[in-house]
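Chains as they are written, first to last, in our numbering: chain A, 65 to 341; chain B, 65 to 341.
Beta carbons: idealized from backbone N, C-alpha and C, even for Gly.
A quick write-up on the structure given underneath.
Protein chains: 2
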Amino acid sequence: MKSELWITEKQTEDLLMSFRVKNTLHEEITDFQQLAVVDTYAYGRMLMLDNIVMTTIKDEFVYHEMLSLVPLNTHPNPENVLVIGGGDGGAVREIVRHPKVKQVTLVEIDEKVIVNSKKYLPEIAAAFDNPKLRLIVADGIKHIQENHNKYDVILVDSTDPIGPAVGLFALDFYRDVYAALKEDGIMAAQTESPYLHDKIIKQIHSDLKSLYPLVKLYLASIPTYPTGLWSFTLASKKHDPLLVKQDDIQDMPTRYYNSKIHFSAFALPNFLANILE
Amino acid sequence: MKSELWITEKQTEDLLMSFRVKNTLHEEITDFQQLAVVDTYAYGRMLMLDNIVMTTIKDEFVYHEMLSLVPLNTHPNPENVLVIGGGDGGAVREIVRHPKVKQVTLVEIDEKVIVNSKKYLPEIAAAFDNPKLRLIVADGIKHIQENHNKYDVILVDSTDPIGPAVGLFALDFYRDVYAALKEDGIMAAQTESPYLHDKIIKQIHSDLKSLYPLVKLYLASIPTYPTGLWSFTLASKKHDPLLVKQDDIQDMPTRYYNSKIHFSAFALPNFLANILE
Chain A
65 MKSELWITEK QTEDLLMSFR VKNTLHEEIT DFQQLAVVDT YAYGRMLMLD NIVMTTIKDE
125 FVYHEMLSLV PLNTHPNPEN VLVIGGGDGG AVREIVRHPK VKQVTLVEID EKVIVNSKKY
185 LPEIAAAFDN PKLRLIVADG IKHIQENHNK YDVILVDSTD PIGPAVGLFA LDFYRDVYAA
245 LKEDGIMAAQ TESPYLHDKI IKQIHSDLKS LYPLVKLYLA SIPTYPTGLW SFTLASKKHD
305 PLLVKQDDIQ DMPTRYYNSK IHFSAFALPN FLANILE
Chain B
65 MKSELWITEK QTEDLLMSFR VKNTLHEEIT DFQQLAVVDT YAYGRMLMLD NIVMTTIKDE
125 FVYHEMLSLV PLNTHPNPEN VLVIGGGDGG AVREIVRHPK VKQVTLVEID EKVIVNSKKY
185 LPEIAAAFDN PKLRLIVADG IKHIQENHNK YDVILVDSTD PIGPAVGLFA LDFYRDVYAA
245 LKEDGIMAAQ TESPYLHDKI IKQIHSDLKS LYPLVKLYLA SIPTYPTGLW SFTLASKKHD
305 PLLVKQDDIQ DMPTRYYNSK IHFSAFALPN FLANILE
């Protein structure tokens, strides 16, 4: 018989999502946040930071493929890639298998996220031994400030804009990211739910538009994130994701992303397109 | 101060969604199902049937626009439209404002759904007085059996395939729908979540493929439905939704649907495309 043990995420003040729990694998307070790994019936093992679902075994592929592969396939030669955050390793796993990538630098502030992902989420933390990976445990904001004209693609794989990640949603940070990118560089960031966080999305869009000639929002369906619809914002100095040739999109054994999804993810519902005008 | 009254939907055995409640507006047992209208903080007034969320004021537009406008804009002349189910009136509201529609017939089995939607969800039940509407309270399965070669478009706006709606997911029903459609007719149905109900989706797809030359799945993001991603299946005797000219898509004041969404909704993630092969 299944247990009646449930874990509940307060997605907003007015909305709860509860997952039936097989067992709790790990809990600790790190230097930065509360960390838990819980095994659930619906989504398998789940990483929670400060009681918010970060990633689960069953639906992580959507987030990691869409954050990584849309910008990587927009850039004609994404040799040198940086990930800020993303200590679970899911984005890195996608990036290292892209044939044009020569090196990916992962800068995660909380080593405990890496340690516990390797231990409890090996399917996600699958590329920490990959020779393409350069792993740095440090503050991503500082790393960005110390590097100029270096990266082809920078991904911001952050938690929500509360707690340690607040600085990763600020105009100053985006300015430093711009400087850390090469002259045809691209950045992409997770930018919350269109149904819940339209003000944040609008602000990020406007901030990035003040820096980059090309800023576009794209969407993916992620069941364990609030409302099930998630946004990513791509900002590019030169290359347009919608002008990519379909044949140039790398054929990889993905579970969500493909060449049709690459383009269709940028089609925005009216309620969302209207707030970005 | 906000109440601590919550209503919880058991989305699956292992997954709960809870909404903070302002107040309960109505509850009754009809001849067919348990009906409740609850006012929630997150999504406004919400219609529940047998404890499952049917529609809410804040996100109903996605479902109703996508069920109705994708097939209507695929047919060059959708003069005569039938909706099976859909007693809340949301689909009808979309259909009557399409300029090419001359008549829409709504066949709802449970009059109480209509009565309570008109009373508590007037924004959704907004077109019951429209002269284009022919309202019939009856079993949709019988109505379909009694009509041949009559409709341009038939929409199946059903509850989940349990309880009164089981027959609306059966091959026999689809065969009768085929017969009720004109020679270039189109049917579309809500067909559950790709993340939870892949077997149902696959079965429906296969059943419809045995009848129609063209069967396509399309997707929309609906926050209050389990996993937040919902599928619709369109089956067509002649017209292909992907061959519609962008300029032929009616310009209507929609909140979700637009000409880009019309096409992008058919782009399927790999995990879903693979099960339909």
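Self-check item: Contact list for A106 of chain A against chain B, beta-carbon separation under 7 angstroms
Solution: Counting from one through the first sequence, the residue named residue 106 of chain A turns up at place 42. Within 7 angstroms Cβ-Cβ: T76, D78, L79.
Quiz item: With distances taken from CA atoms, which of B:L278, B:A189, B:S67 is nearest V152 of chain B?
Solution: As a working mapping, residue 152 of chain B is identified with position 88 in the second sequence. In the sequence under discussion, the amino acid at residue 152 of chain B is Asp, which differs from the Val named in the question. Comparing Cα positions, the closest option is B:A189.
Practice problem: Can you tell me the Cβ-Cβ gap for A252 of chain B and L283 of chain B, rounded? I've got them flagged as a contact below 8 angstroms. | Solution: As a first step, residue 252 of chain B is located in the second sequence; it is residue number 188 there, counting from the start. As a first step, residue 283 of chain B is located in the second sequence; it is residue number 219 there, counting from the start. Not quite, the Cβ-Cβ distance comes to about 13 angstroms (not below 8 angstroms), so this is no contact.
Quiz item: Which residues, taken in chain order from the segment 272 to 297 of chain A, show a beta carbon closer than 7 angstroms to some beta carbon of chain B?
Solution: S285, P287, T291, G292, L293
Quiz prompt | Anticipated Cβ contact below 8 angstroms, N194 of chain A with V165 of chain A, distance rounded | solution = Along the first sequence, one-based indexing puts residue 194 of chain A at 130. Along the first sequence, one-based indexing puts residue 165 of chain A at 101. Between V165 of chain A and N194 of chain A the Cβ distance is about 10 angstroms, and since that is not below 8 angstroms, they are no contact.
Exercise. Measuring alpha carbon to alpha carbon, tell me which of A:D248, A:P333, A:H261, A:E247 ends up nearest N322 of chain B.
Key: As a first step, residue 322 of chain B must be located in the second sequence, where it is residue number 258. Among A:D248, A:P333, A:H261, A:E247, the Cα nearest to that of N322 of chain B belongs to A:P333.
Quiz item: Should G149 of chain B be labelled buried (16 or more other beta-carbon atoms within 10 Å of its own) or exposed?
Solution: Within the second sequence, residue 149 of chain B is the residue found at index 85, counting from 1. It counts as buried.
Practice problem: Mind listing the chain B neighbours of N322 of chain A? Cutoff is C-beta to C-beta under 9 angstroms, in chain order. | Solution: Looking up residue 322 of chain A in the first sequence gives position 258. Here the neighbours are A331, L332, P333, N334, A337.
Quiz item: Does T318 of chain B come within less than 8 angstroms of chain A when only Cβ atoms are used?
Solution: On the second sequence, residue 318 of chain B is found 254 positions in, with the first residue counted as 1. Cβ-Cβ to chain A under 8 angstroms: yes for T318 of chain B.
Quiz item: Thinking C-beta only, is I116 of chain A closer than 8 angstroms to T223 of chain A?
Solution: Against the first sequence, residue 223 of chain A aligns to sequence position 159. Against the first sequence, residue 116 of chain A aligns to sequence position 52. Yes; because the gap between Cβ atoms is below 8 angstroms, this pair is in contact.
Quiz item: For V308 of chain A, which of helix, strand or coil comes out of DSSP?
Solution: Taking the first sequence and counting its residues from 1, one reaches residue 308 of chain A at position 244. V308 of chain A falls in the coil class under three-state DSSP.
Self-check item: Beta-carbon gap between T291 of chain A and P287 of chain B smaller than 8 angstroms
Solution: Walking along the first sequence from the start, residue 291 of chain A turns up at place 227. Walking along the second sequence from the start, residue 287 of chain B turns up at place 223. Contact: yes.
Quiz item: What are the uninterrupted segments assigned as beta strand (DSSP E) that are 3 or more residues long and contained completely in the segment 144 to 193 of chain A, given in chain order?
Solution: 144 to 149, 167 to 172
Quiz item: For the beta strand (DSSP E) that contains A100 of chain A, what are its first and last residues?
Solution: Here the question's residue 100 of chain A lines up with position 36 in the first sequence. Unbroken beta strand (DSSP E) run through A100 of chain A: 98 to 104.
Exercise. Please check if any C-beta of chain B sits within less than 8 angstroms of the C-beta of F83 of chain A.
Key: What you label residue 83 of chain A is simply residue 19 of the first sequence in a count that begins at 1. So yes, F83 of chain A belongs to the interface.
Self-check item: Own chain partners of E129 of chain A with C-beta closer than 6 angstroms, once the 5 adjacent residues on each side are dropped
Solution: As a working note, residue 129 of chain A is residue 65 in the first sequence. Within the same chain, E129 of chain A has close Cβ partners E158, T318, Y320, Y321.
Practice problem: Give the DSSP-derived three-state secondary structure of D262 of chain B in the structure shown. | Solution: Within the second sequence, numbered from 1, the residue matching residue 262 of chain B stands at position 198. Note: D262 of chain B maps to helix in three-state DSSP.
Practice problem: Rank A:K302, A:L235, A:L131 by C-alpha distance to the C-alpha of I325 of chain A and give the top, closest one. | Solution: Here residue 325 of chain A is taken as the residue at index 261 of the first sequence, counted from 1. Out of A:K302, A:L235, A:L131, A:L131 has the C-alpha closest to the C-alpha of I325 of chain A.
Self-check item: Pair within 8 angstroms by beta-carbon distance, G249 of chain B and L232 of chain B
Solution: Here residue 249 of chain B corresponds to residue number 185 of the second sequence, with the count starting at 1. Here residue 232 of chain B corresponds to residue number 168 of the second sequence, with the count starting at 1. Taking 8 angstroms as the Cβ cut-off, G249 of chain B and L232 of chain B do not qualify as a contacting pair.
Practice problem: Would you verify that the beta carbon of S300 of chain A is, or is not, closer than 8 angstroms to some beta carbon of chain B? | Solution: Working through the first sequence from its first residue, we reach residue 300 of chain A at position 236. Judged by the 8 angstroms Cβ criterion, S300 of chain A is not in contact with chain B.
Exercise. Quick one: list the residues of chain A neighbouring I325 of chain B, beta-carbon separation under 7 angstroms, in chain order.
Key: For the purposes of this step, residue 325 of chain B is taken as the residue at position 261 of the second sequence. What I325 of chain B touches in chain A: A331, P333.
Quiz item: Mind checking D230 of chain B: buried by the 16 CB within 10 Å criterion, or exposed?
Solution: For the purposes of this step, residue 230 of chain B is identified with residue 166 of the second sequence, where counting begins at 1. At residue 230 of chain B the sequence reads Val, which differs from the Asp that was named. It is exposed - the Cβ of V230 of chain B has fewer than 16 other Cβ atoms within 10 Å.
Practice problem: Give the range of the alpha helix (DSSP H) segment to which H128 of chain A is assigned. | Solution: Within the first sequence, numbered from 1, the residue matching residue 128 of chain A stands at position 64. It spans 124 to 138 - the alpha helix (DSSP H) in which H128 of chain A sits, taken as one unbroken run.
Practice problem: Return the chain-ordered list of same chain residues with a C-beta closer than 7 angstroms to the C-beta of G227 of chain B, the five sequence neighbours on each side being excluded. | Solution: Your numbering for residue 227 of chain B matches position 163 in the second sequence. Correct list, in chain order: Q97, D114.
Quiz prompt | Nearest neighbour of L133 of chain B, chosen from B:Y238, B:V217, B:E91 [CA to CA] | solution = Counting from one through the second sequence, the residue named residue 133 of chain B turns up at place 69. For L133 of chain B, the nearest C-alpha among the options comes from B:V217.
Practice problem: Tell me, please, whether the CB atom of L127 of chain B is closer than 8 angstroms to any CB atom in chain A? | Solution: The residue given as residue 127 of chain B occupies position 63 in the second sequence. Correcting the residue identity first, residue 127 of chain B is Tyr in this sequence and not Leu. No, no contact with chain A.
Self-check item: Under 7 angstroms by beta carbon: chain B residues contacting S328 of chain A
Solution: To locate residue 328 of chain A, count along the first sequence from 1; it is residue 264. Within 7 angstroms Cβ-Cβ: S328, A331.
Quiz prompt | Interface flag, Y259 of chain A vs chain B, CB-CB below 8 angstroms | solution = Along the first sequence, one-based indexing puts residue 259 of chain A at 195. Interface residue, yes.
Practice problem: Run the CB neighbour count on A155 of chain B, radius 10 Å, all protein chains shown included, and call it buried at 16 or more, exposed below. | Solution: The count along the second sequence starts at 1 and reaches residue 155 of chain B at position 91. So A155 of chain B counts as buried.
Quiz item: How big is the Cα-Cα spacing for Y107 of chain A and D123 of chain A?
Solution: For the purposes of this step, residue 107 of chain A is taken as the residue at position 43 of the first sequence. For the purposes of this step, residue 123 of chain A is taken as the residue at position 59 of the first sequence. Using only the alpha carbons, I get a separation of about 7 angstroms.
Exercise. Measure the C-alpha to C-alpha separation of L293 of chain A and A329 of chain A and round it to an integer number of angstroms.
Key: The residue labelled residue 293 of chain A in the question sits at position 229 within the first sequence. The residue labelled residue 329 of chain A in the question sits at position 265 within the first sequence. When rounded, the distance between both Cα atoms is 11 angstroms.
Exercise. Grab me the residues of T169 of chain B's own chain with a C-beta within less than 6 angstroms of its C-beta, minus the 5 sequence neighbours each way, in chain order.
Key: Counting from one through the second sequence, the residue named residue 169 of chain B turns up at place 105. The residues are L146, R198.
Quiz item: Where does K309 of chain B land, buried or exposed, given buried means 16+ other C-beta within 10 angstroms?
Solution: On the second sequence, residue 309 of chain B is found 245 positions in, with the first residue counted as 1. Exposed is the call here.
Practice problem: Please work out which residues of its chain come closer than 8 angstroms, Cβ to Cβ, to Q254 of chain A, disregarding the five sequence neighbours upstream and downstream, and give them in chain order. | Solution: On the first sequence, residue 254 of chain A is found 190 positions in, with the first residue counted as 1. Hits under 8 angstroms: Y127, L131, V220, D221, S222, W294, S295, F296.
Quiz item: At which residue ranges does the segment 229 to 289 of chain A contain complete beta strand (DSSP E) runs of 3 or more residues, listed in the order of the chain?
Solution: 245 to 254, 278 to 285
Quiz item: So does the segment 86 to 93 of chain B actually touch the segment 75 to 88 of chain A, counting three or more Cβ pairs closer than 8 angstroms?
Solution: no
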